[in-house]
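Worksheet for the structure shown next.
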Amino acid sequence: MGKQTTEMLKGTLEGVVLAILAGRPAYGYEITAWLRDQGFSDIAEGTVYALLVRVEKRGLVDVTKVPSEKGPPRKVYSLNDQGREYLEEFWTAWRFLSERLEQLREGGR
Amino acid sequence: MIMIVSKLIGDKRRYRQYKARIRRLPEDYRTAVEAIERYLMHFVPADNESAISEFEDLAELFERAASDGTPIRELVGDEPTEFVEEFARNYTKGGYAPDKERQRLLRGIERAIEAERTGR
């Protein structure tokens with residue numbers, strides 16, 4: 610994963626994680642594994658964890674503790690209504706940004 | 023050191039529990055947590071609750087990783103300072119600076135803008 614990709618992903622990781630959770634509830638390890646599968650190989654699991662703590666504090670996700678055969682209970686995150694609303698805003702911002710960048714690439718109108 | 027830290031974070035009992043959790047981690051994970059903990063001391067927490075929950079969340083992250091067998095490199099990434107700063111952001115308002123200094127900065131800028139607007 611190139612330096613530029615890493616930098617760009619930083620600004621969008623929150624939206625990416627919420628979009629994953631819009632599909633189905635997941636715990637941190639699963640989210641990181643999915644990101645790595647998709648080629649985002651530089652993502653630190655701790656960074657995803659920090660992000661999940663943040664979206665939980667902001668009330669965008671609901672958390673259920675599921676007992677685990679080994680170690681502490683797993684926290685399973687699911688997107689709630691406020692999170693879905695926030696994700697819509699993220700997609701709007703993303704559309705704006707990607708359209709402007711595409712225009713620039715096509716010759717700076 | 024523990025005395026100073028306990029005073030800072032306000033909740034000795036929860037801090038001792040955190041320390042006990044860290045001691046139960048496999049040695050390599052414990053070494054990593056202690057390095058992170060040392061670095062976190064340079065960030066000023068938003069309040070007492072933030073200060074203690076920061077440590078508790080750190081312990082939870084490493085307990086989970088130890089159970090899953092996540093390698094330390096995958097946990098902290100290629101740039102551990104970036105991960106720790108991202109992590110710390112959840113518990114502070116102004117990063118390295120105490121909140122009152124952040125407020126002082128904002129007031130100073132406000133004064134300057136006000137003076138600019140009114141032509142002194």
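So the sequences go chain by chain: A and B.
So in my numbering the end of the first sequence lands on 718, straight run, no missing numbers.
So in my numbering the end of the second sequence lands on 142, straight run, no missing numbers.
For glycine and all other residues, C-beta sits at the position ideal for the given N, C-alpha and C.
Please read all numbers here as calculations on a predicted model, not as lab measurements.
Our two residues, Lys679 (chain A) and Lys122 (chain B), have alpha carbons roughly 43 Å apart in a direct line. Considering only B:Ser72, B:Glu136, B:Pro67, B:Glu96, the residue with the shortest C-alpha distance to Ala54 (chain B) is B:Glu96.
Taking CB atoms only, Ile652 (chain A) has a neighbour in chain B less than 9 Å away. With fewer than 16 other CB atoms across the displayed protein chains lying within 10 angstroms of its CB, Ser650 (chain A) is exposed. Nearest neighbour of Gln691 (chain A) by Cα position, chosen from A:Leu660, A:Arg683, A:Lys666, turns out to be A:Lys666. With contact defined as three or more Cβ pairs closer than 8 Å, the segment 79-91 of chain B and the segment 124-142 of chain B are not in contact. Counting along the chain, Leu688 (chain A) sits inside the beta strand (DSSP E) bounded by residues 683-688. It is roughly 27 Å from the alpha-carbon of Glu82 (chain B) to the alpha-carbon of Gly648 (chain A). Each of B:Arg52, B:Asp100, B:Val66 was checked against the Cα of Arg124 (chain B), and the nearest Cα belongs to B:Val66. Contact note: Val98 (chain B) reaches chain A through Ala653, Gly655, using a C-beta cutoff of 8 Å and chain order. Of all residues in the segment 680-695 of chain A, only Gly680, Pro681, Arg683, Lys684 place a beta-carbon less than 9 Å from a beta-carbon of chain B. Residue burial annotation: Glu698 (chain A) is exposed, with fewer than 16 other C-beta atoms found within 10 angstroms of its C-beta. Scanning chain A for C-beta atoms nearer than 7 Å to the C-beta of Asn112 (chain B) yields Ala659, Val662, Arg663, Lys666, reported in chain order. Contact annotation for Glu82 (chain B) against chain A: Tyr658, Pro681, Lys684 [CB-CB distance below 9 Å, chain order].
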